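Presented below is the structure to which this report refers.
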Amino acid sequence: MITLLALSGSLRLGSSNTVLLEAAALLAPAGMRIAAYDGIGSLPHFNPDLDGDNPPRSVMALRHLVGAADGLIISCPEYARGIPGSFKNALDWLVGSSEFPGKPIALFNASPRASDAQAALRLVLTTMSARIVEEASITLPLLATRMDAAGMAGNVEIAASVTAALAAFARAIETFAQAEPGGSG
1 MITLLALSGS LRLGSSNTVL LEAAALLAPA GMRIAAYDGI GSLPHFNPDL
51 DGDNPPRSVM ALRHLVGAAD GLIISCPEYA RGIPGSFKNA LDWLVGSSEF
101 PGKPIALFNA SPRASDAQAA LRLVLTTMSA RIVEEASITL PLLATRMDAA
151 GMAGNVEIAA SVTAALAAFA RAIETFAQAE PGGSG
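Residue numbers (UniProt numbering): 1 to 185.
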């Protein structure tokens, strides 16, 4: 079973980024489970002084979920041509963690206009030693569509893009696992 953790960079209810991740969970193939992390807004402001032997519980919970996941799906909006502060804060809490480096990442983008945030996000994630899986990263024109997750999952074009991305992500994760010491390959 491949377990993915979905992280939305938006705190807004009904965000197209969050709904896209919910649709991905509905479209997950057999043998894949996608769980959403909804605690980004409750993380404390990053402070290196708090990131010692006993970081805040919410940070430890996030790190545990990231460590337990085989990969992360991130869908992040663009605010003022960059990554939303609350999402960058979550990433800052993961920078010094042992759970994040090498983690496979699929980037889902709900708006072709969010290219500056995507570029910034790629830079940050690459700096953090993430494995961005390009063939599993997609951009869809969902801005202002007002579709819910079931509507996205039922839309032939959206479902095809998401399903193909999830299949590519599963293949990449399996390839990474086989290449690691002790892997099955």
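All C-beta atoms, glycine included, are put in the ideal place defined by N, C-alpha and C.
Small disclaimer: the values here were computed from a predicted structure and weren't measured.
Same chain, Cβ closer than 8 Å to Phe46, five either side skipped, listed in chain order: Hits under 8 Å: Asn89, Asp92 and Trp93.
Inter-residue CB distance, Met152 and Ala69 (contact presumed, cutoff 8 Å): Not confirmed; about 22 Å, so no contact.
Extent of the continuous beta strand (DSSP E) to which Ser8 belongs: Element bounds for Ser8: Ile2 to Ser8.
Residue range of the unbroken alpha helix (DSSP H) whose run includes Gly154: Counting along the chain, the alpha helix (DSSP H) containing Gly154 begins and ends at Ala149 to Gly154.
Distance between Gly82 and Leu21 (C-alpha atoms, nearest Å): Those two C-alpha atoms are separated by around 20 Å.
The stretch 28-36 touching the stretch 44-58, judged by at least three CB pairs closer than 8 Å: Taking a cut-off of 8 Å on C-beta distances, the stretch 28-36 does not touch the stretch 44-58, as fewer than three cross pairs fall below it.
Integer Cβ distance of Ala117 from Pro77, believed to fall under 8 Å: Cβ atoms of Ala117 and Pro77 come within 8 Å of each other, at about 7 Å.
C-beta contact flag for Pro104 and Val133 at 7 Å: Yes, these two residues count as a Cβ contact at 7 Å.
Close-in-space but distant-in-sequence residues of the same chain around Asn17 (CB under 7 Å, 5 per side omitted): For Asn17, same chain residues with a beta-carbon under 7 Å away, outside a window of 5 residues either side, are Ser8, Gly9, Ser10, Ser75, Cys76, Pro77 and Ala110 in chain order.
Classification of Ser98 by the beta-carbon crowding that lies within 10 angstroms, buried from 16 upward: Counting other Cβ atoms within 10 Å of its Cβ, Ser98 stays below 16 and is therefore classed as exposed.
Assigned secondary structure, Met60 (DSSP; H/G/I helix, E/B strand, else coil): The answer is helix: DSSP assigns Met60 an H, G or I state.
Span separating the alpha-carbon of Ala172 from that of Ile73: Taking the straight line from one Cα to the other gives about 13 Å.
Beta-carbon proximity check, Ser115 vs Ile138, cutoff 7 Å: Between Ser115 and Ile138, the C-beta spacing is not below 7 Å.
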